[in-house]
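Chemist:
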Amino acid sequence: METKKTFCVICEATCGLEVDVDNNKVTDIRANKDHVVSRGHLCVKGKRFGSIQHSPDRVTEPQKRVGDQWHTISWEQAINEIAAKIKQLKKQRGAQSIAHFVGAPGGANLVAPIFRGSFFAGLGSNRMYGTGTCDTMNKFRVNGDMYGSPMRLAYPDVDHTDFMMILGANPVVSGTTLYHLPKAHQRLADIVKRGGRMVVVNPRKVETALAGEHVFIRPDTDLYFLAAFCNGVIQANAIANERVQRHMKNFEKLKAVVSTWTAERQAKVTGISVETFNDLLNAYIQAPSAALNMATGVNQGRHGTLCYWLLESIAAITGNFDRKGGNLIGEGLIDFAAIAKDDPQMSLGYHRKDDLPTVSGQQPAGMVADDILDGEVTAMIVEASNPLLACGTPNGRLEQAMEKLELLVCIDWFRNETGNLADYILPATTWLERSGMPYALQSFVACTPKPYLYASGPVLTPPSGVRHEWWIYTRLADKLGQNIMGNPMLSLALKIAARLAHGRFGKWIKVPELLIDGMLKQAKMPNLKAMIQDHPDGFLLDENDGDNFLGTDRVLTDDGLVDLAPQAYIETFNQQTESSYQQEIANLGRLKLIGKREIRRMNSGSANCEALVKIDTNFAYLNPDDAENAGLAENDWAKVNSDFGEIHIPIKITNEMMPGTLAIPQCWGHEKADGLSHAKRHPGVNSNYLAGDGYNNIEKLSGMSHLTGILAVSYTHLRAHETRGNL
Ligand SMILES: Nc1nc2c(c(=O)[nH]1)N[C@H]1C(S)=C(S)[C@@H](COP(=O)(O)OP(=O)(O)OC[C@H]3O[C@@H](n4cnc5c(=O)[nH]c(N)nc54)[C@H](O)[C@@H]3O)O[C@H]1N2
Ligand SMILES: Nc1nc2c(c(=O)[nH]1)N[C@H]1C(S)=C(S)[C@@H](COP(=O)(O)OP(=O)(O)OC[C@H]3O[C@@H](n4cnc5c(=O)[nH]c(N)nc54)[C@H](O)[C@@H]3O)O[C@H]1N2
Ligand code: SF4
Ligand SMILES: [Mo]
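Counting in the numbering used here, the sequence shown runs from -11 upward without gaps.
#1: Whole angstroms is fine: what's the gap from Val454's alpha carbon to Cys398's?
#2: Quick one: give me the first and last residue of the alpha helix (DSSP H) that His666 is part of.
#3: Are the Cβ atoms of Arg311 and Ser277 separated by less than 8 Å?
#4: In whole angstroms, what separates the C-alpha of His42 from that of Thr418?
#5: For ligand 4, which residues count as neighbours when the test is a C-beta closer than 5 Å to any heavy atom?
#6: What whole-angstrom Cβ distance do Arg422 and Pro500 have, given they're in contact under 8 Å?
#7: State the DSSP-derived secondary structure class of Ser444, mapped to helix, strand or coil.
#8: To the nearest angstrom, how far is the alpha carbon of Leu468 from that of Lys75?
#9: Should Asp163 be counted as a contact of ligand 3 given a C-beta to heavy atom distance under 7 Å?
#10: Quick one: what's got a C-beta closer than 6 Å to Asp466's C-beta in the same chain, skipping five residues either side?
#11: Starting from the Cα of Ala328, find the closest Cα among Ala304, Cys379, Val433 and Ile360 and give me that residue.
#12: Within the chosen definition, does the segment 369 to 378 reach the segment 392 to 407 through at least 3 CB pairs nearer than 8 Å?
#13: Name the one or two DSSP bridge partners that Trp58 has.
#14: So within the segment 354 to 387, which uninterrupted beta strand (DSSP E) runs reach at least 3 residues, ignoring any that extend past its ends?
#15: Distance, Cα to Cα, His23 vs Glu387?
#16: Taking three-plus beta-carbon pairs below 8 Å as touching, is the segment 143 to 163 in contact with the segment 263 to 279?
#17: Check whether the Cβ of Cys655 lies closer than 7 Å to any heavy atom of ligand 2, and answer yes or no.
#18: In terms of DSSP beta bridges, what is Glu634 paired with?
#19: So what's Cys398 in DSSP terms, helix, strand or just coil?
#20: Whose C-beta lies closer than 8 Å to the C-beta of Gly494 among residues of the same chain, with five residues either side of it excluded?
#21: So is Phe309 buried or exposed if we call it buried at 16+ other beta carbons inside 10 Å?
#22: Please state whether the Cβ-Cβ distance between Val180 and Val189 is less than 8 Å.
#23: Who are Gly583's beta bridge partners in DSSP?
#24: Residues with a Cβ closer than 5 Å to any heavy atom of ligand 3, in chain order?
#25: For Asp213, which residues of its own chain have a beta-carbon under 7 Å away from its beta-carbon, when the five flanking residues on both sides are left out?
#26: Which residues in the same chain as Leu529 place their Cβ atom closer than 7 Å to its Cβ, once the five residues preceding and following it in sequence are excluded?
#27: According to DSSP, is Ala142 part of a helix, a strand, or is it coil?
#28: Is the closest heavy atom of ligand 2 to the C-beta of Gly593 under 7 Å?
#29: Which of the three DSSP states, helix, strand or coil, is assigned to Ser702?
#30: To which residues does DSSP link Asp5 through a beta bridge?
#31: Kindly indicate which three-state DSSP category Asn68 falls into: helix, strand or coil?
#32: Taking the alpha-carbon positions, what's the His658 to Cys31 distance?
#33: Hey, would you say the C-beta of Ile205 is under 7 Å away from at least one heavy atom of ligand 1?
#34: Below 8 Å between beta carbons: does that hold for Asp150 and Ala357?
#35: Measuring only the C-alpha atoms, how far is Gly713 from Ile67?
#36: Per the DSSP calculation, Lys78 is bridged to which residue(s)?
And the structure:
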């Protein structure tokens, strides 16, 4: 038995782990109490990952579907056949008809994205979709417009702030997104211990609220709250005038656009009383330093881009941006933001027939069904994702569309619901089987209140039939006769490496390790071997004290000024805000649907984990008043309709829910999961049958899907003779 140190990549907390390994099997996973930042933190998903790692359902050889039969085939056959089909489709339908779809774990993988991006660039296709347009593309859009690069990403300085307000996030369960906060509960509770305040604004009284205070907000009304908040700080003259004048532009436009939004007007739709609003506003203004944060619960609404722009603007004009204890921009080891700015794949682009944008390389996931049905997309490689459960799929529309693809390849550990429709499943390595560093954003862009460096080698040897993603993309490029990584010499070297990687010389082929070493060298840091041997718990880097962004060449806009009012946002705000406000008023009596992340579930990816999933189904969570109105009692089945679909789901009644809201944990609905035996026995219901897709249900500035605040048309008691589960 051996104990190895590594880190968990399941969520962005990236906790340090100690893994006991016996005969290439995980026997125990514990928190590494010496890890420089997570310091003994770990959750049940990391603890029990062994059950996923060693699941009997794991795909360990390439699989090919013929009719409804699955056959194990060799890698040689898989790569040959897939490359031949891609070649044929490219010739017949053009390179842009060959798409790829990347899921959340794709972003946790340091090396795969480089090869994936390069493979598709070589193919000539920039048709990338991903669940980035289900979680955060609005933020990348705003960063690009305000600070000059999608990767100039601010984070709240949790460990130093005197006031923190969190909208639409639940870091204690989720581990946060786009910044790094292991031990979230303790660090947020510490704000209160220091004499400050930590306020969670959320339609559900979430776990994070236990670390501070909680304020209910009606789903998808944050825009009016933030517009009034922005106007409030301006009216109170809480403006850092000198900073604004020297380092920012278009303050007057911002001021004008929010000028009609008051505490009273927002109160009508948000449910946040004038008194509570003013209390929050005053606390924010008076705090010596104050940090704001918003995440998926606001990003997925109809106005995610406008909301994030206002949130960032409030921080900027009040002097809380680029100030210790406020919202900071990290100084990464490598200037990723500058690289991303000049990379046409990463910057804002318009590559589609419609006017929807490509943000940070991603086209809207909510357009996949339309693009397939319109004949724009004929083939797709899905890497580390399960779009059938993750995306809006009105009554299952996405599944019907994806069945029409001429080629569907899933690179995954399992045959998930999307994989069921695939022609090929290509088995990939797990994070315990590869070298890595925590998410690129935290490592290189330093989106973390506690900057640190960590790197580790593989803990396990992969099964012989499993491959790293870099290898898969390189072999496909080789077969297609196209370059990988641009440069022809490097391309040739990589192709030779991939050809040899699983033969006699295999143990000498260390492509990911060389790449990681290259990145570390560029950052003037110790190499991977030294990190593993000399720094098994990582090491801390300089803290970010603020006052290092504004007025420096790190602001990447053309004129070096922060843009407080990008023209597209002003136009969209003027076009949409009044009319959507009136709709909100008209819809005040209607129930709104939100999602719910659970500590034992990681999107759909942990659904098959016996050690985690012990309940048969997800539930819809309702306030007692709403339950009574519909004649529903605990555990009754409800029939919920939206404009898009219908589901049948059992309910739980709880005061945690704001009246007028319904929360359903997403990424359930495994009744067809033939490759996931445990998930199939505990199927639950796919709440995204109620979400819309297509052009009208997409936020136009960033391509984000509309997945929260969905209006219910009706919710009624399901009579006993009606079927259970999805219709
Ligand atoms: N345990 C667990 N952890 C996860 C995941 C998981 O599935 N399970 N998923 C991972 C992924 S992919 C991501 S992107 C991150 C996301 O991390 P977070 O952004 O923290 O995501 P959630 O926990 O869903 O928090 C969103 C919150 O928004 C609230 N909300 C919904 N609608 C609104 C609204 O209109 N306004 C406001 N103000 N609040 C609203 C919801 O009640 C919810 O508490 O989590 C990651 N971590
Ligand atoms: N209604 C509603 N819908 C939502 C959300 C919501 O809040 N509300 N949240 C949205 C968000 S934020 C997200 S990110 C999506 C999540 O949706 P996805 O990003 O699609 O994530 P998963 O459903 O977990 O699917 C991940 C798949 O990747 C595989 N996998 C894991 N690690 C690796 C790896 O290293 N390599 C490879 N090749 N495969 C791997 C897993 O086995 C699994 O099959 O759901 C979205 N859907
Ligand atoms: S909090 Fe996130 S990173 Fe830490 S053990 Fe749990 S899933 Fe892994
Ligand atoms: Mo996500």
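Built from N, CA and C at the ideal position, the CB exists for glycine as well.
Modeler: On the basis of the coordinates in this document:
#1: 13 Å
#2: Ser665 to Arg669
#3: yes
#4: 10 Å
#5: Ala92 and Asp123
#6: 6 Å
#7: strand
#8: 7 Å
#9: The sequence shown places Gly at residue 163, rather than the Asp named in the question. Flag set: Cβ of Gly163 near ligand 3.
#10: Lys483
#11: Val433
#12: yes
#13: Arg53
#14: 367 to 371
#15: 43 Å
#16: yes
#17: yes
#18: Asn629
#19: strand
#20: Leu488
#21: buried
#22: no
#23: Ile652
#24: Cys(-4), Ile(-2), Cys(-1), Ala1, Cys3, Leu30, Cys31, Lys33, Gly34 and Gly163
#25: For clarity, residue 213 is Phe in the given sequence; the question names Asp instead. Ile205, Gln254, Thr258 and Ile260, listed in sequence order.
#26: Pro439, Tyr440 and Leu441
#27: strand
#28: yes
#29: strand
#30: Here residue 5 is Leu; the residue named in the question, Asp, does not match the sequence. Beta-bridge pairing links Leu5 to Thr(-6) and Ala19.
#31: helix
#32: 24 Å
#33: yes
#34: no
#35: Residue confidence for Gly713 is low, a pLDDT of 45 falling below 50, so the modelled location carries little weight; the figure read from the coordinates is stated next. Roughly 38 Å between the two C-alpha positions.
#36: Paired residues: none, contrary to the question.
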